[in-house]
Amino acid sequence: MLLVSLCFQPQTALAADASNGKTLYTSSSIAGTACSNSSCHGSLPGTKNKIQRGANSASTILSAINSNTGGMGIFRNKLSSTQLDDIAAYIANPNLSATAAVSPTSLSFASTSVGSSSASQTVTLTNSGTVSLSVSSISISGSDFAIVSGGSCSAGSSVAIGASCTVLTKFQPTASGSRSGTLSLVTGAGTKSVALSGTGAAVSAPTAQISPGSLSFASTVGQASAAQTVTLSNTGTAALSLSSVAIGGTAASDYSIATGTSCSSSGSVAAGASCVVLLKFTPGATGTRSASLSITHNDSSHSPSTVTLTGTGTASAAGQLSVDASSLSFSAQAQNTSSSAKTVTVSNSGSAAAQFSSLSLSGTNAGDFAFTSPGGACTASTSLAVGASCTINVTFTPSVSSGTRTASVQIVSNAINTPVTISLSGTAGSASAPIPAFSPSTLDFGSVGVGSAAAARTITLSNSGTASLSISSLNVSPSDYSLSHNCGASLAAGSSCALQIGFTPSASGSIAGTLSLSSNASGSPLTAALSGSGVAGGATLSWSPDTLSFSSTVVGVRTATQSATLSNTGSSAASLTAIGLAGSNAGDFIIDSNGCTAGSSLAPGASCTVAMRFAPSAAGSRSAQLSLSLSSGTAAPLNLNGTGVASGSPLLTASPTSMTLSSLPNQPLQPQALVIANEGAALLTVSSYLIPPSLTLETGGSGGGDCAAAPYTLQPGASCTVMVTPATGGSIDAQLQIRSNSSGGTVTVMVSGTPNTNVGGGGALLLGRYDTPLHATLSLLLLSALLLARRLIPLASKKRTHS
-6 MLLVSLCFQP QTALAADASN GKTLYTSSSI AGTACSNSSC HGSLPGTKNK IQRGANSAST
54 ILSAINSNTG GMGIFRNKLS STQLDDIAAY IANPNLSATA AVSPTSLSFA STSVGSSSAS
114 QTVTLTNSGT VSLSVSSISI SGSDFAIVSG GSCSAGSSVA IGASCTVLTK FQPTASGSRS
174 GTLSLVTGAG TKSVALSGTG AAVSAPTAQI SPGSLSFAST VGQASAAQTV TLSNTGTAAL
234 SLSSVAIGGT AASDYSIATG TSCSSSGSVA AGASCVVLLK FTPGATGTRS ASLSITHNDS
294 SHSPSTVTLT GTGTASAAGQ LSVDASSLSF SAQAQNTSSS AKTVTVSNSG SAAAQFSSLS
354 LSGTNAGDFA FTSPGGACTA STSLAVGASC TINVTFTPSV SSGTRTASVQ IVSNAINTPV
414 TISLSGTAGS ASAPIPAFSP STLDFGSVGV GSAAAARTIT LSNSGTASLS ISSLNVSPSD
474 YSLSHNCGAS LAAGSSCALQ IGFTPSASGS IAGTLSLSSN ASGSPLTAAL SGSGVAGGAT
534 LSWSPDTLSF SSTVVGVRTA TQSATLSNTG SSAASLTAIG LAGSNAGDFI IDSNGCTAGS
594 SLAPGASCTV AMRFAPSAAG SRSAQLSLSL SSGTAAPLNL NGTGVASGSP LLTASPTSMT
654 LSSLPNQPLQ PQALVIANEG AALLTVSSYL IPPSLTLETG GSGGGDCAAA PYTLQPGASC
714 TVMVTPATGG SIDAQLQIRS NSSGGTVTVM VSGTPNTNVG GGGALLLGRY DTPLHATLSL
774 LLLSALLLAR RLIPLASKKR THS
């Protein structure tokens, strides 16, 4: 039996390579046995099975394989012609030997500067043996020497009998002094080594040192501080060349290089010398202001040299303007018709009066917007005292028949945050269109145990447009999320409905989801992003409610407490490692009592409660989160929000903020009183109501309402009443908006109700409107009489039958 081929691709060999033939002859990779095995031809030299017939005769070997001589057919189509030639050469010359020699056996390089490279030198590898010489690897020890391309020796190649190849090396010292290394060539005749040596020559170089590493400043906004000094020293042996001296960072414009500075871009510092940079701080705003000084030079080990700059800006007495809305958006309005005015309240929360110098409309479509001037309106010459406010009233009159129109209001004053800009946008076109929105537009369930259901969370779908919203579909995906709602097939203009979103993770890891609404609204579908993470065998923590919303509160005043409960609905205990306030206005919220302390553990099914207060430090919308940290996993935060009202400002309140209209059996929904009050310290102007089509408001003494028709004013502490009356006979689910110059912004009242119809049998008795005490009394008397009559008639009939 003859040789099997290697199981891997054989090394490339020259024709009739006896050395490779020996490797193939002694291999057992394919057929499970080798020709050198005693059960086959045996080791060479030998004459078993007339093996010598194959000497230098690949065709004889191939013929024996193809005719299956002695069972050699198992190698058919498994050996290339080159491999057969190599085996035939080995049979003819079994006493192989390879002899390798390198010349020279050592190389010495001339002195070379550190970081530079010498000229290359050559090492020659010669094969003086009787078979080709394989070269398996070529390497150099020591980082100061390297192999250069251009030599003919390479790893994985072979050197023919009597031939030679070359390796080129160079010297590139990394340090001064004597350096040594070794060139190693691993061949079929053993490893050949060449000693390498050279001397690294030191070079002159600069060394940069900067002091101090940081500077701290303090100054009043707009005023320059005293200069402070930074020194750059060169302790090296060559000149230090500077390429740039610059200030960068978040508040770079607050810092400047002062007169007397000797370090400059393109300058030079001699060995052993130094230069200085003088820095001043002129804060552009209050608070911490950070930047850095950076000097770039030719000391690569220390470039750039940097100094951290930290300054604190303190406020000078100045006005600061704030607005209760940074943008106004007008719904669809027909060409050349004017919308109702929208109002923005401008307040001065600074420490000095704010003097207006201009109040203007600008932008692409400024001509489509206009100011109106009811009482309390801001003007281009308004002087706004500390804590005072005024209003800007804007109407929209599109000059085109369709398209989006944009502009902006700009207030220029001597306040520190001038100018103040309010964005305006409106749509020209049909005034009847639905405008749906999800609130919130994102929902995060945090970490929930796999297979456990998190507490359902609420998203409100509202229609702030002027036409009914037709709902084609409402769904969530993937199946880890669930949805239930009471929205029906349509949503009236000005109405809203609640969506309950559930989350039951089916696997560990982050699970992103989507709530999607397909409708007749422009831009459909409307989506909200859902997120949560599944935790195997973990705790599932959720807040109820998930948001605490505090009423509008005067700056510096604390509200009453509101509470939220944290529950573990998972399958394992949750270890609370930290609980604390976070977010942009975290300081405006106070933990009044905390039953969910850090270090405690919440068992499955257990809960704890936290009570919060709101104490705004500034006017406007304020928000934060009460965040949890767990020993494993995360939990969604408790959202906190409220509105700060500047002292000396009007504050509109409505009571109740959510009303359910009711009716007697088989009667329409009845009106209900809504009390509007000014709980602030300045005159309140109620500018308008946004009334949905399903409701009407009765004011001016009609139907029991004593509020004047809008616009009207209320003194501090005063109140009045409007009657909220159904405009249709069916169910109501809508929202009423009251607009004013209140620091708390627009107030929304939720109104709902379902008539109590089809009570009892028979026909219905319609008693007309039920909006006065007299009507109520008559209705009750008539209804009682009807029920008594229906009970007595059957008794009388029965009595006549028996008589």
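As numbered in the numbering used here, the sequence shown has no gaps in its residue numbers, which increase by one up to the final residue, 796. Backbone N, C-alpha and C fix where the C-beta goes; we use that ideal spot for every residue, glycine too.
Is it true that the CB of residue j sits closer than 8 Å to the CB of residue i?
i: S465; j: A521; result: no
i: G613; j: D317; result: yes
i: L321; j: V223; result: no
i: S425; j: T372; result: no
i: S382; j: T338; result: yes
i: P276; j: G304; result: yes
i: S593; j: A604; result: no
i: A91; j: G181; result: yes
i: A670; j: T646; result: yes
i: G253; j: L272; result: no
i: I409; j: Q555; result: no
i: T570; j: S624; result: yes
i: V214; j: T307; result: yes
i: A836; j: P686; result: With the chain covering -6 to 796 only, the question about residue 836 has no answer from this structure.
i: S817; j: V668; result: Beyond the ends of the chain as shown, which are -6 and 796, falls residue 817; an answer cannot be given.
i: G170; j: T105; result: no
i: D361; j: A311; result: no
i: L559; j: L534; result: yes
i: R606; j: R551; result: yes
i: Q326; j: P429; result: no
i: L724; j: T747; result: In the sequence as presented, Leu is not what sits at residue 724; that position holds Ser. Cβ atoms of S724 and T747: closer than 8 Å.
i: F164; j: S246; result: no
Please work out which residues of its chain come closer than 6 Å, Cβ to Cβ, to residue i, disregarding the five sequence neighbours upstream and downstream, and give them in chain order.
i: S186; result: T175, S177
i: A11; result: A82, Y83, N86, L89, V124
i: S642; result: S382, G673, A675, S736
i: G754; result: Any reading at G754 needs caution, since the residue's pLDDT is 45, under 50, leaving its predicted position unreliable; the model's value is listed next. So the list is empty, once near-sequence residues are dropped.
i: T384; result: T336, T338, G369, A370, N734
i: T53; result: R46, G47
i: T721; result: S687
Leaving out the 5 sequence neighbours to the left and right, which residues in its chain are closer than 8 Å to residue i when beta-carbon positions are compared?
i: I802; result: Residue 802 lies beyond the stretch modelled for the chain, which goes from -6 to 796, so this question has no answer here.
i: L100; result: Q114, V116, T162, L176, V187, A188, L189, S190
i: S376; result: A346, A347, Q348, F349
i: N749; result: S655, S656, L657, P658, N659, Q660
i: T184; result: S177, L178
i: I133; result: A139, I140, T162, G174, T175, L176, S177, L189
i: Q728; result: S455, G487, S488, S489, P685, T741, V742, M743, V744
i: A198; result: G229, T230, A231, D292
Sorted by chain position, which residues of the same chain lie with C-beta nearer than 7 Å to residue i's C-beta, five sequence neighbours on each side aside?
i: I154; result: N120, G122, T123, V124, S125
i: A666; result: G697, T714, M716
i: V393; result: Q328, A421
i: T692; result: G698, C700, A701, A702, V715
i: L773; result: Confidence is the limiting factor: at L773 the pLDDT is only 43, short of 50, which leaves the residue's position unreliable and the question unanswerable from this model.
i: L759; result: Confidence at L759 is low in this model, with a pLDDT of 40, below 50, so the placement of that residue should be treated as unreliable; the coordinate-derived value is given next. Closer than 7 Å at the Cβ level, and outside the excluded window around L759, lies no residue.
i: A251; result: A220, L271, L272, K273
Could you round the C-beta distance between residue i and residue j to whole angstroms and report it? I think they count as a contact, below 8 Å.
i: T167; j: C146; result: With 8 Å as the limit, T167 and C146 do not qualify as a contact, their Cβ atoms being about 25 Å apart.
i: S237; j: Q202; result: In fact, because the Cβ distance is near 18 Å, the residues do not count as touching under 8 Å.
i: G47; j: A81; result: 6 Å
i: V107; j: L208; result: So it is not a contact: roughly 36 Å between Cβ atoms.
i: A244; j: S283; result: 6 Å
i: A838; j: V128; result: Residue 838 lies beyond the range of the chain shown here (-6 to 796); nothing can be said about it.
i: N632; j: T540; result: 4 Å
i: G343; j: V379; result: 7 Å
i: I415; j: S319; result: 6 Å
i: S526; j: G502; result: 6 Å
Following a CB-centred definition, is residue i positioned closer than 7 Å to any heavy atom of the ligand FMN?
i: S401; result: Summarising the ligand content, the structure contains no ligands, and the ligand FMN is consequently not present.
Item to check | the stretch 406 to 423 touching the stretch 594 to 604, judged by at least three CB pairs closer than 8 Å | outcome: no
Next on the checklist: Assess contact between the stretch 742 to 751 and the stretch 690 to 710, defined as three or more Cβ pairs (one per stretch) separated by less than 8 Å. Is contact present?
Outcome noted: The stretch 742 to 751 makes no contact with the stretch 690 to 710: fewer than 3 CB pairs, one atom from each, lie closer than 8 Å.
Next on the checklist: Report the start-end ranges of each beta strand (DSSP E) in the stretch 377 to 465 that is 3 residues or longer and not cut off at the edges.
Outcome noted: 382 to 389, 396 to 406, 413 to 421, 429 to 432, 435 to 442, 450 to 456
Next on the checklist: Could you tell me which whole beta strand (DSSP E) segments of length 3 or greater appear in the stretch 570 to 617?
Outcome noted: 582 to 587, 600 to 607
Checklist entry - How do the stretch 254 to 263 and the stretch 226 to 235 stand: do at least 3 beta-carbon pairs fall below 8 Å, yes or no? => result Three or more beta-carbon pairs drawn from the stretch 254 to 263 and the stretch 226 to 235 are found closer than 8 Å, and the two stretches are therefore classed as touching.
Checklist entry - Whole alpha helix (DSSP H) runs in the stretch 60 to 113 with 4 or more residues, listed along the chain? => result Fully enclosed alpha helix (DSSP H) runs of 4 or longer: 74 to 85.
Checklist entry - What residue ranges within the stretch 236 to 301 form continuous beta strand (DSSP E) runs of no fewer than 3 residues, ordered along the chain? => result Counting only runs of 3 or more, we get 248 to 250, 267 to 274, 280 to 290.
Checklist entry - Along the chain, which unbroken stretches of the beta strand (DSSP E) at least 3 residues long are found entirely within the stretch 664 to 706? => result 665 to 671, 677 to 683, 688 to 691
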